[in-house]
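For reference, the structure discussed in these notes is given below.
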Amino acid sequence: MDVVKSFLEEMLDNGAFVAHQIESYNDFVQRKLQETVNDIGKITIELPTGEELYIKLGKISLGSPQVREADGSVREITPQEARLRNLTYASPLFIEMTPVFENREHNAEEVEIGEIPIMVSSVLCKTSRMTKEERIASGEDFNDAGGYFIVNGTERVLILSEEIASNKLILQKDADKVTARFDASRGGYTQRHIFERTPESMLEIGFASLATNPVPVVVLMKALGLESDKEVLDAITDKEDEMEDVFINLYETSINNKDEALEYIGKKMKIRQQEQITERVLHIIDNYLLIHLGKTPEDRIKKAKFLGIVTNNLIKLQKGKIKADDLDHYSNKRLKMSGDLLDGLFRSIIMGRWGLVARLQYNYQKMMKRGRKLLKLQSVVVSDVLTTQIMRAMATGNWVGGKTGISQRLERSNFTRTLGHLRSVVSPLSATQEHFEARELHATQWGRLCAVRTPEGQNIGLRNFLALGTQVTTASSEADETKVITALKGMGVVLDE
17 MDVVKSFLEE MLDNGAFVAH QIESYNDFVQ RKLQETVNDI GKITIELPTG EELYIKLGKI
77 SLGSPQVREA DGSVREITPQ EARLRNLTYA SPLFIEMTPV FENREHNAEE VEIGEIPIMV
137 SSVLCKTSRM TKEERIASGE DFNDAGGYFI VNGTERVLIL SEEIASNKLI LQKDADKVTA
197 RFDASRGGYT QRHIFERTPE SMLEIGFASL ATNPVPVVVL MKALGLESDK EVLDAITDKE
257 DEMEDVFINL YETSINNKDE ALEYIGKKMK IRQQEQITER VLHIIDNYLL IHLGKTPEDR
317 IKKAKFLGIV TNNLIKLQKG KIKADDLDHY SNKRLKMSGD LLDGLFRSII MGRWGLVARL
377 QYNYQKMMKR GRKLLKLQSV VVSDVLTTQI MRAMATGNWV GGKTGISQRL ERSNFTRTLG
437 HLRSVVSPLS ATQEHFEARE LHATQWGRLC AVRTPEGQNI GLRNFLALGT QVTTASSEAD
497 ETKVITALKG MGVVLDE
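Basically my numbering = 1-based index in the sequence shown + 16.
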């Protein structure tokens with residue numbers, strides 16, 4: 017009993033019970049925010065004169081948690097003051113913007129684009145740098161581990177969301193068909209791909225605008241650059257007993273070259289303008305197909321070879337050479353934590369159809385009609401767009417992608433329930449449907465999720481809690497992946513690139 021007690025006390029003192037929430041949020045503000053801005057790179061402004069003008073986006077920075085008083089003054093606040101005065105514990109977000117007109121850079125400007133909520137005890141929170149005595153003096157509970165937000169005076173927690181693992185092929189077999197699912201993810205954006213071998217032996221793929229109107233995989237491979245039938249066959253298999261399905265697909269589609277393949281896909285996409293077919297199909301292929309492999313024309317052959325590997329797995333699964341994957345196995349699941357959820361929300365607000373970037377372009381063009389080409393950037397940025405949309409999502413729990421209940425009011429009836437709420441995990445499956453297999457306790461959950469605790473009623477098995485000793489790691493950055501690859505090569509491991 018003394019060992020268990022000392023273990024729990026040490027985890028509590030080190031903040032290990034909510035470390036997954038805090039580390040994920042820290043990763044969001046220290047790395048993912050900048051990555052999102054880097055992905056945008058620049059904002060192009062179309063001028064009626066035809067001159068070139070774009071705004072280069074640079075370093076991102078965050079201020080201290082602060083409040084703007086009624087008299088216009090701005091000062092720093094603590095979490096306790098935010099609770100007592102029904103304020104939002106947030107800090108301003110700045111981006112360095114540099115106008116570039118006709119290839120000539122002008123003075124950079126640090127522009128405030130809005131506010132983001134600050135997680136209590138995160139790297140941006142004042143309490144994370146306080147001693148025990150200072151926390152008590154500021155009105156904080158020195159045992160409070162943090163890991164939550166304060167929105168309009170209410171403590172809110174982002175619930176861990178259980179998702180199918182991205183960038184991992186999941187094979188499934190039903191009575192009459194074989195399917196594969198692959199969620200390609202890159203830079204916070206995920207695109208689902210569904211592969212299927214139909215009863216007629218056709219091998220098809222659906223994604224993006226082709227999700228409801230799939231195309232044969234062999235046609236897509238030819239559009240990617242493997243123009244001859246032999247190149248397609250070699251990319252899929254070299255086994256004679258696996259070639260029959262490939263021959264059937266090549267014969268049924270009768271596509272001879274890349275141009276015919278692009279035209280075939282264009283008809284599937286219902287592109288009416290003949291002159292736009294090649295451009296639009298290649299745009300879809302580069303920006304939505306297997307984006308984890310890249311988005312440039314140079315990446316198309318890699319994508320074609322990857323399609324060959326997936327197709328080979330479908331054929332092998334149909335012939336019983338390999339087994340289907342267990343969708344409920346926990347190696348096929350990933351937990352989206354606070355940083356991942358905020359990253360997805362931030363990207364949708366910044367890069368959405370009527371997001372911050374689109375509004376900046378519209379406002380700039382509107383104000384240019386007054387005759388000036390170089391404007392004060394702060395005057396064209398609507399900073400309350402980001403603030404309003406993030407705070408609305410935090411206050412209501414309605415998230416990007418149609419998700420609901422992501423943000424919840426923190427349970428404060430007792431200390432144990434508070435920690436439990438901060439470690440709860442929710443499945444995206446509907447509670448009104450049966451989902452018997454998903455609700456059952458899976459052997460691979462042992463040591464990861466609590467085997468006992470789950471609510472009664474329609475949420476049983478769909479809402480779980482992390483096991484007592486579970487620690488969740490944040491996703492690795494590209495720099496970390498490069499270090500791992502370099503280390504593996506140094507040990508003599510041969511990697512197929």
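Glycine is no exception: its CB is placed at the ideal position from the N, C-alpha and C atoms. Just so it is clear, the structure is predicted and the values come from calculations on it, not from any experiment.
Fill in: Y105 to P81 span [Cα, whole Å]
Translated into positions along the sequence shown, residue 105 becomes position 89. Translated into positions along the sequence shown, residue 81 becomes position 65. C-alpha separation (whole angstroms): 6 angstroms.
Worksheet item: According to the Cβ coordinates, are I307 and R464 closer than 7 angstroms?
Response: By 1-based counting over the sequence shown, the position of residue 307 is 291. By 1-based counting over the sequence shown, the position of residue 464 is 448. In this structure, I307 sits away from R464, with a CB-CB distance that is not shorter than 7 angstroms.
Worksheet entry | Where G324 falls: helix, strand or coil (DSSP) | The residue labelled residue 324 in the question sits at position 308 within the sequence shown. Annotated three-state conformation of G324 is helix, per DSSP.
Discussion item. For A181, which residues in the same chain have their Cβ closer than 8 angstroms to its Cβ, ignoring the five residues on either side in sequence?
Written reply: Taking the first residue of the sequence shown as 1, we reach residue 181 at position 165. Counting only residues of its own chain and dropping the five nearest sequence neighbours on each side, A181 has a CB closer than 8 angstroms to the CB of D199, S347, N348, K349, R350.
Practice prompt. Note down, in chain order, each residue of its chain lying with its Cβ closer than 6 angstroms to the Cβ of S270, except the 5 sequence neighbours on either side.
Written response: As a first step, residue 270 must be located in the sequence shown, where it is residue number 254. None.
Fill in: Residue closest to E126, alpha-carbon to alpha-carbon, out of I71, F117, L187, G360
As a first step, residue 126 is located in the sequence shown; it is residue number 110 there, counting from the start. When I71, F117, L187, G360 are compared, the shortest CA-CA separation from E126 is found for I71.
Worksheet item: How many Å lie between T60 and N54 at the Cα?
Response: Counting from 1 along the sequence shown, the entry for residue 60 is found at position 44. Counting from 1 along the sequence shown, the entry for residue 54 is found at position 38. Pairing T60 with N54, the inter-Cα distance amounts to about 14 angstroms.
Worksheet item: E85: which of Q405, S77, E97, G57 sits nearest, CA to CA?
Response: Taking the sequence shown and counting its residues from 1, one reaches residue 85 at position 69. The option with the nearest alpha carbon to E85 is E97.
Worksheet entry | Other residues of its chain near S440: CB distance less than 7 angstroms, five sequence neighbours each side excluded | Locating residue 440 in the sequence shown gives position 424, where the first residue counts as 1. The residues are I175, L176, R479, F481.
Worksheet entry | Distance between beta carbons of N42 and N102, contact taken as under 8 angstroms | Along the sequence shown, read from residue 1 onward, the residue named residue 102 stands at position 86. Along the sequence shown, read from residue 1 onward, the residue named residue 42 stands at position 26. Not really, about 27 angstroms apart at Cβ, beyond 8 angstroms.
Discussion item. Comparing C-alpha positions only, which one of S137, A467, R197 sits nearest to R213?
Written reply: Start at 1 with the first residue of the sequence shown, and residue 213 comes out as number 197. The candidate whose alpha carbon is nearest that of R213 is R197.
Discussion item. Using C-beta distances below 7 angstroms, list every residue in its chain close to K319, excluding the 5 sequence neighbours before and after it, in chain order.
Written reply: In the sequence shown, the residue the question calls residue 319 occupies position 303. Excluding residues within five positions, the ones whose Cβ falls inside 7 angstroms are L240, L305, L306, L309.
Discussion item. Between which two residues does the beta strand (DSSP E) holding R423 run?
Written reply: For the purposes of this step, residue 423 is taken as the residue at position 407 of the sequence shown. The sequence as given places Ser at residue 423; Arg does not occur at that position. If you look at S423, you'll find it in the beta strand (DSSP E) that goes 423 to 425.
Discussion item. So, with DSSP's three-state summary, where would you put L176?
Written reply: Counting from 1 along the sequence shown, the entry for residue 176 is found at position 160. L176: strand per DSSP, three-state reduction.
Discussion item. If contact is defined by three or more beta carbon pairs under 8 angstroms, each pair taking one atom from either stretch, is the segment 428 to 437 in contact with the segment 368 to 388?
Written reply: In this structure the segment 368 to 388 does not lie against the segment 428 to 437, because fewer than three pairs of beta carbons, one per stretch, are closer than 8 angstroms.
Worksheet entry | Residue span of the alpha helix (DSSP H) that contains M407, given as start and end | Position 391 of the sequence shown, counting from 1, holds the residue named residue 407. From DSSP, the alpha helix (DSSP H) with M407 extends over 399 to 412.
Discussion item. Contact between the segment 288 to 297 and the segment 243 to 254 is defined here as three or more beta-carbon pairs at a separation below 8 angstroms; is this criterion met?
Written reply: In short, these stretches do not touch, since the Cβ pair count stays below three.
Worksheet entry | Helix, strand or coil at E314 according to DSSP, with G and I counted as helix | Numbered from its first residue, the sequence shown carries residue 314 at position 298. Look at E314 here: in three-state DSSP terms it is helix.
Worksheet item: Exposed or buried, which one is R316 when buried takes at least 16 other CB atoms within 10 Å?
Response: Residue mapping note: residue 316 aligns to position 300 of the sequence shown, counting from 1. R316 is buried by the Cβ-count criterion.
Discussion item. Can you confirm whether T327, when its beta carbon is compared against all beta carbons of chain D, has any partner nearer than 7 angstroms?
Written reply: Structure shown: chain D not included; a single protein chain is present.
Worksheet item: Per DSSP, F117 is paired with what?
Response: Along the sequence shown, read from residue 1 onward, the residue named residue 117 stands at position 101. Answer is L69, R120.
Discussion item. By alpha-carbon positions, which one of E150, N273, L28 ends up nearest to D160?
Written reply: Position 144 of the sequence shown, counted from the start, is the residue given in the question as residue 160. Closest by C-alpha distance to D160, out of E150, N273, L28, is L28.
Worksheet item: Do the segment 359 to 366 and the segment 283 to 290 make contact, defined as three or more Cβ pairs closer than 8 angstroms?
Response: No, the segment 359 to 366 is not in contact with the segment 283 to 290.
Item to complete: For K238, count neighbouring Cβ atoms within 10 angstroms of its own Cβ and tell me buried if that reaches 16, exposed if not.
Response: Sequence index remark: in the sequence shown, residue 238 carries index 222 (1-based). Per the 10 Å Cβ criterion, buried.
Worksheet item: Does the distance from the CB of I56 to the CB of L78 come in under 7 angstroms?
Response: Here the question's residue 56 lines up with position 40 in the sequence shown. Here the question's residue 78 lines up with position 62 in the sequence shown. Cβ atoms of I56 and L78: not closer than 7 angstroms.
Worksheet item: Around the C-beta of I476, are 16 or more other C-beta atoms found within 10 angstroms, so that it is buried, or is it exposed?
Response: To locate residue 476, count along the sequence shown from 1; it is residue 460. Its Cβ having fewer than 16 others within 10 Å, I476 is exposed.
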